[in-house]
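In the working numbering, the protein residues as written are 277 to 381.
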């Protein structure tokens, strides 16, 4: 029986060159779309919505092993860096792997 691993994460990015909400929305949409397209994760802006030059995005996905989850953490981080490299600064990147307990009857 395959093991399910749930990966959750949150990133916080400073956007020093953003000067309008329109620019911020564009950056948020670009990053979330890339994470969804490249990694199949569920992604949502989860904080810092009232701050013009800050974005906070949460994501989650499932994998079949802890090794695959660690690989996804690395690949998502690379996607973030490639997307924001000239527009922002990654301030915080938190991830957690959850191993659900299986109840046997």
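Just so you know, even glycine gets a beta-carbon here, dropped at the ideal spot from N, CA and C.
Euclidean distance between Cα positions of residue i and residue j
| i | j | result |
| --- | --- | --- |
| residue 367 | residue 335 | 16 Å |
| residue 293 | residue 357 | 16 Å |
| residue 314 | residue 354 | 11 Å |
| residue 378 | residue 343 | 19 Å |
| residue 352 | residue 380 | 34 Å |
| residue 333 | residue 310 | 13 Å |
Secondary structure of residue i, DSSP reduced to three states
| i | result |
| --- | --- |
| residue 377 | coil |
| residue 294 | coil |
| residue 372 | strand |
Candidates the options: closest to residue i by CA position
| i | options | result |
| --- | --- | --- |
| residue 285 | 321, 358, 365 | 321 |
| residue 282 | 332, 341, 297 | 341 |
| residue 328 | 288, 296, 280 | 296 |
| residue 290 | 309, 330, 299 | 330 |
| residue 323 | 288, 344, 379, 373 | 288 |
| residue 374 | 326, 339, 333 | 339 |
| residue 345 | 302, 311, 305, 372 | 372 |
| residue 364 | 370, 307, 349 | 307 |
>> Please give the ranges of any alpha helix (DSSP H) in the segment 277-357, keeping only runs that are unbroken, at least 4 residues long and fully inside the region.
In response: Taken in chain order, the unbroken stretches of alpha helix (DSSP H) that lie wholly in the segment 277-357 and span 4 residues or more are 297-315.
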